[in-house]
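> Pasting a structure below so you can have a look.
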Amino acid sequence: MQKLPKTLLFIVVALSMVLTAFVPASSVAVEYPRNETLYTSGTQWGAPSSWNPLNGGGYAMGTLGLCYETLFIYDPLADKFTPYLAESDSWTDATTYVVKLRKGIKWTNGSALTVDDVKFSFDIADPNGATKAGLAFTGLWKFLEKVEVNKDTNDITFKFKADPAYQEIGFYMWQTPILNKALWEKRSVEELTGGANKPPVGTGAYKYLTNDQDRMVWVRNDAWWGKDVFGKLPAPKYIVDIVNGSNNVALGKMLQGGLDLSNNFLPGVASLVTGGYGIKTYYKEAPFMLSANVAALLINEQKAPMNDVKFRTAMAWMINIKDIVEKDYTGIVKAADPTGLLPIWDKYIDKDQVKELGWTYDPEKAKKILDDAGYKDVDGDNFREAPDGSKIALKVTCPSGWTDWMAAIQIISRDAKAIGLNIEPDYPDYGPWRDAQLKGTFDLTLQNEAQMSSTPWSYYKWVFQNPIENIATAQYGNYGRYENKEAFDLVDQLDKVKVGDDAAIKALTTKLQKITMTEMPTIPLWYNGLWAQYSEAVWTNFPSADGENHTLPATWRGYWNMSGIQMLLNLEPVAKK
133 MQKLPKTLLF IVVALSMVLT AFVPASSVAV EYPRNETLYT SGTQWGAPSS WNPLNGGGYA
193 MGTLGLCYET LFIYDPLADK FTPYLAESDS WTDATTYVVK LRKGIKWTNG SALTVDDVKF
253 SFDIADPNGA TKAGLAFTGL WKFLEKVEVN KDTNDITFKF KADPAYQEIG FYMWQTPILN
313 KALWEKRSVE ELTGGANKPP VGTGAYKYLT NDQDRMVWVR NDAWWGKDVF GKLPAPKYIV
373 DIVNGSNNVA LGKMLQGGLD LSNNFLPGVA SLVTGGYGIK TYYKEAPFML SANVAALLIN
433 EQKAPMNDVK FRTAMAWMIN IKDIVEKDYT GIVKAADPTG LLPIWDKYID KDQVKELGWT
493 YDPEKAKKIL DDAGYKDVDG DNFREAPDGS KIALKVTCPS GWTDWMAAIQ IISRDAKAIG
553 LNIEPDYPDY GPWRDAQLKG TFDLTLQNEA QMSSTPWSYY KWVFQNPIEN IATAQYGNYG
613 RYENKEAFDL VDQLDKVKVG DDAAIKALTT KLQKITMTEM PTIPLWYNGL WAQYSEAVWT
673 NFPSADGENH TLPATWRGYW NMSGIQMLLN LEPVAKK
C-alpha cells in the first residue's frame, strides 16, 4: 500500500484548511454546545431543500432514519432484522404476514402513531389505488393484495397473492417510511413525491430544528419511544450535517475539529490514520473501511465486440485490479470477489466454483483468449481487429471530476492497450454519462449502484434487471441490456425464498454466480468503501472492528435504518465542558 510522503501530506492538509477558510459561513450564526453536538458531513452536496422521505435520494440527510422511521431496521454486519416501530412479526400462513405495531408511539406533533398510519403508508404505493403514486416500494404491490388493520390488537395484516416474493418483502419492511396519514392523505401525487414537506413530522429520535445553505440541524426528540425500549436516548442533543464543499474541504474541517464524522472520500486518509492526526476508521489497517457497494465495469452487450462472451472474458483477465486498489485508492478498498457479492454475503459464495471459474490479472491469458477467438492485429497498428477485420475503437467512461474513477478507467485503458485493445478513457459530464446508461449508448463504463442490503437478491436484481425495455424507466441496473431468461428466472426464484433460508439462497445464488462468471454481464472490480472517518476529540465509542460497537458509521441516505441509528445510541461524550 502506498502512503503519501509527509511533505505531500502536509501540502494536502494545508490546502484543505485554506479551502475551508473560503467556504461561506451560515447566515444564521448559531452556536450549539460542542459537547452536545455531533457534526457530520458526506451526504448532502447541496443546500437542504426537501424533507420528504418519498423523494428518493433527494431528501435532507437524516429525513429517513432520524426523523421518519420504518417498521424494522436491518443490521448487515450481523445479518439481523430488529423490530423498530413494529414490536413483532409473523407469517401465519404462506401468504399472510402480520406485524404488531408498538403501542404508545407518538408523532412529534403529539398525535399517536396508529395502524391506520401504517396501512396508509403502504397503500399510497398501490398503482391501482387512489393516489397512483409511483414510489420506490410500488414493486411490493406486484404480489400484495391488500393491507388490513385491527385497532384492538394493533396488528397490520399484509395479504399476499400466491407464491409471494419473501426476499423483496423483507427488503421493503426496513426501507418503507411510515407517514402520518392525517398530514399526508390529502396531498396530490405531485406533493407526495415532490413536495418539500417542511417541517417534517416524524416519530424518530430527532426533530427538525433549522437549516441553512450550508447545513441541516436536527435536535433530539426527548419524548422518543426508543428511550423506553433501548433504555436510553442518543447522546448527541444536536446533529449538524454540513453541506459538502469538496472532499478536501471536508478533510480540512476534520483536522480542525469542525467534524466528528465524515462520510466523504478523504484524500490521503491512510496516512492520516497511521500518522497521528487523531483520525480513526472502522479498521486500523487497510482497507480501513467497510465495503459498501460493488464497483463494476458495465459492458454494452448490444454492441460488437462486447456481444461476444469471449471478448468480455478477455477483458476480465486483462484488468489489473490490484493497481486500482493500491495505486488509485492507496489500499483503502478491497478487490471484488469474481462473483461480485459483497463481504456481508460471503456465506453465499461458492468458493470451489470461484476457484474453478473465477479470474485474476493475467494479460497473457487474455491475449490467448483473444487470439483463439480471432481478434488479431491484421494491419500492423498494434491494435487488434475483430474476426471480420473491422476496427475496434471503444471508450470507457466515468463522470468528469470523479477523480478516483477517472484514475481507474485510465488503468483499464492502459491494460487494454497492453493486450492490443484500443480502449480510450473518456470523461463526460454527469448528465450525458448517466443518459448514455439509461439509453444504452455507451461502450464501457463504471457503476456502483449495487449497495449492501438485507438480501443478495438486490444485487442480482441489479445485474439482471428485466424486462429490457423497462431499463430506462426503472433506472436501476442491466444497462448493458444483457439477456438471459435462465438468469432472469433464477432471480425471480431467489426472490421467493423465505427470509432466513440460507441453504436455498446459496443453492440459487450458486447458479447465478456461475452465469456471472462465465457470461460476464458485468465485471466486478472493487468494493467501494463505506467512507467513514471520525475524530474522538468530542465523541467516543464510534464503530470499530476492535471494539464492541459493530454498527454502520454512516449518515448516507438509506443507511440510518441499516444500523446507523444504533451507532448514535452507542456514542458517548468524551467529557462535559
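Read in order, the letters of the sequence shown correspond to residues 133 to 709 in my numbering. Glycine residues also receive a C-beta, built at the ideal position from the N, C-alpha and C atoms. In this text the structure is predicted, and so the values were computed from the model without any measurement.
Compute the Euclidean distance between the alpha carbons of N312 and K628, then round it to the nearest angstrom.
As a working note, residue 312 is residue 180 in the sequence shown. As a working note, residue 628 is residue 496 in the sequence shown. Approximately 31 Å, taken between the alpha carbons.
> Pull the bridge partners of E556 from the DSSP assignment, please.
The residue you call residue 556 lines up with position 424 of the sequence shown. K527, per the DSSP bridge assignment.
> Do the CB positions of L662 and A686 come within less than 7 Å of each other?
Here residue 662 refers to the residue found at position 530 when the sequence shown is read from its first residue. Here residue 686 refers to the residue found at position 554 when the sequence shown is read from its first residue. Yes, these two residues count as a Cβ contact at 7 Å.
> Would the segment 178 to 194 and the segment 346 to 357 be scored as touching if the rule is three or more Cβ pairs under 8 Å?
Counting Cβ pairs under 8 Å, three or more are found: they touch.
> Checking the sheet assignment: what are the DSSP bridge partners for D207?
Indexing the sequence shown from 1 puts residue 207 at position 75. In the DSSP output, where bridge partners are listed per residue, D207 has K212.
> Run the CB neighbour count on L473, radius 10 Å, all protein chains shown included, and call it buried at 16 or more, exposed below.
The residue labelled residue 473 in the question sits at position 341 within the sequence shown. That one is buried.
> Closest to W594 by C-alpha separation, out of Y200, G174 and P656, would be which residue?
Along the sequence shown, read from residue 1 onward, the residue named residue 594 stands at position 462. Cα-wise, what sits closest to W594 is P656.
> Classify G242 as buried or exposed, calling it buried when 16 or more other Cβ atoms lie within 10 Å of its own Cβ.
Against the sequence shown, residue 242 aligns to sequence position 110. The residue in question, G242, is exposed, as its Cβ has fewer than 16 Cβ neighbours within 10 Å.
> For a quick check, are the C-beta atoms of M649 and P470 less than 7 Å apart?
Taking the first residue of the sequence shown as 1, we reach residue 649 at position 517. Taking the first residue of the sequence shown as 1, we reach residue 470 at position 338. It is a contact, given that the beta carbons lie within the stated cut-off.
> Straight-line CA distance for C530 to Y608?
What you label residue 530 is simply residue 398 of the sequence shown in a count that begins at 1. What you label residue 608 is simply residue 476 of the sequence shown in a count that begins at 1. Those two C-alpha atoms are separated by around 17 Å.
> Please name the residue in A192, G336 and Y461 whose C-alpha comes closest to that of N353.
Indexing the sequence shown from 1 puts residue 353 at position 221. For the residues A192, G336 and Y461, the minimum Cα distance to N353 belongs to G336.
> Using 10 angstroms around the beta-carbon of A707, count the other beta-carbons present and answer buried if the total reaches 16, otherwise exposed.
Your numbering for residue 707 matches position 575 in the sequence shown. Per the 10 Å Cβ criterion, exposed.
> Leaving aside the five residues before and after Q485 along the sequence, list all residues of the same chain whose C-beta is less than 8 Å from its C-beta, in chain order.
Along the sequence shown, one-based indexing puts residue 485 at 353. Once the five neighbours on either side are set aside, the close Cβ partners of Q485 are T642, Q645, K646 and M649.
> Please identify the residue among G236, K251 and V250 whose C-alpha is closest to the C-alpha of A244.
As a position in the sequence shown, residue 244 is number 112, starting the count at 1. It is G236.
> Could you pull out every unbroken beta strand (DSSP E) segment of at least 3 residues lying fully inside the segment 639 to 688, listed in chain order?
Those beta strand (DSSP E) runs which fall completely within the segment 639 to 688 and span 3+ residues are 654 to 661 and 665 to 667.
> Can you name the residues that DSSP bridges to P259?
By 1-based counting over the sequence shown, the position of residue 259 is 127. Looking at the DSSP assignment, P259 forms no beta bridge with any residue, so it has no partner.
> Going by DSSP, what residue range makes up the beta strand (DSSP E) through A218?
As a first step, residue 218 must be located in the sequence shown, where it is residue number 86. Run containing A218: A218 to D225, per the beta strand (DSSP E) assignment.
> Taking 7 Å as the cut-off, decide whether the C-beta atoms of D258 and W273 are in contact.
As a first step, residue 258 is located in the sequence shown; it is residue number 126 there, counting from the start. As a first step, residue 273 is located in the sequence shown; it is residue number 141 there, counting from the start. Cβ atoms of D258 and W273: closer than 7 Å.
> When DSSP labels each residue in this structure, what does W692 get in the three-state scheme?
Here residue 692 refers to the residue found at position 560 of the sequence shown. Note: W692 maps to helix in three-state DSSP.
> Closest to M447 by C-alpha separation, out of K497, A427, S403 and K454, would be which residue?
In the sequence shown, the residue the question calls residue 447 occupies position 315. It is K497.
> How many angstroms separate the CA atom of K212 from the CA atom of G194?
Along the sequence shown, read from residue 1 onward, the residue named residue 212 stands at position 80. Along the sequence shown, read from residue 1 onward, the residue named residue 194 stands at position 62. Cα-Cα distance, rounded: 22 Å.
> Going by beta-carbon coordinates alone, are T175 and W537 separated by less than 7 Å?
The count along the sequence shown starts at 1 and reaches residue 175 at position 43. The count along the sequence shown starts at 1 and reaches residue 537 at position 405. In this structure, W537 does not lie closer than 7 Å to T175 by Cβ.
> I'd like to confirm the pairing. Which residues does DSSP put opposite L233 in its beta bridges?
Position 101 of the sequence shown, counted from the first residue, corresponds to residue 233. Partner(s): A218.
> Can you grab the Cα-Cα spacing for the pair D440 / M305, in whole Å?
Position 308 of the sequence shown holds residue 440. Position 173 of the sequence shown holds residue 305. Between D440 and M305, the C-alpha separation is close to 40 Å.
> Can you tell me whether N681 is buried or exposed? The criterion is at least 16 other CB atoms within 10 Å of its CB, across all chains shown.
Working through the sequence shown from its first residue, we reach residue 681 at position 549. Buried, because 16 or more other Cβ atoms sit within 10 Å of the Cβ of N681.
> Do V281 and K251 count as a contact pair if the criterion is CB distance below 7 Å?
Residue 251 sits at position 119 when you count from the first residue of the sequence shown. Residue 281 sits at position 149 when you count from the first residue of the sequence shown. Cβ distance < 7 Å, so K251 and V281 count as in contact.
> Name the one or two DSSP bridge partners that D344 has.
Here residue 344 corresponds to residue number 212 of the sequence shown, with the count starting at 1. Beta-bridge pairing links D344 to R347.
> Would you identify the three-state DSSP class for L701, choosing helix, strand or coil?
Residue mapping note: residue 701 aligns to position 569 of the sequence shown, counting from 1. Residue state, collapsed to three classes: helix.
> So which of L526, D513, Q597 and I371 has the shortest CA-CA distance to T169?
As a first step, residue 169 must be located in the sequence shown, where it is residue number 37. Cα-wise, what sits closest to T169 is I371.
> Between P658 and A367, how many whole angstroms is the CB-CB distance? I'm expecting something under 8 Å.
Along the sequence shown, one-based indexing puts residue 658 at 526. Along the sequence shown, one-based indexing puts residue 367 at 235. Position check: residue 658 holds Trp in this sequence, whereas Pro was assumed. Not really, about 35 Å apart at Cβ, beyond 8 Å.
> Go through its chain and collect everything with a Cβ distance to G327's Cβ below 6 Å, but skip five positions before and after it.
Sequence index remark: in the sequence shown, residue 327 carries index 195 (1-based). Contacts found: N184.
> Alpha carbon to alpha carbon, what distance is there between I464 and M386?
Position 254 of the sequence shown, counting from 1, holds the residue named residue 386. Position 332 of the sequence shown, counting from 1, holds the residue named residue 464. Cα-Cα distance, rounded: 18 Å.
> Using alpha carbons as the reference points, say which of D295, W477 and A268 lies closest to T587.
One-based indexing of the sequence shown puts residue 587 at position 455. With distances taken between Cα atoms, T587 lies closest to W477.
> Quick one: using the 10 Å Cβ neighbour count with 16 as the cut-off for buried, is Y562 buried or exposed?
In the sequence shown, the residue the question calls residue 562 occupies position 430. Burial call: exposed.
> Report yes if the C-beta distance between L217 and L198 is below 7 Å; otherwise report no.
Numbered from 1 along the sequence shown, position 85 holds the residue referred to as residue 217. Numbered from 1 along the sequence shown, position 66 holds the residue referred to as residue 198. Against a cut-off of 7 Å, the Cβ pair of L198 and L217 comes out as no contact.
> Name the DSSP beta bridge partners of F290, please?
Walking along the sequence shown from the start, residue 290 turns up at place 158. Beta-bridge pairing links F290 to Y229 and V279.
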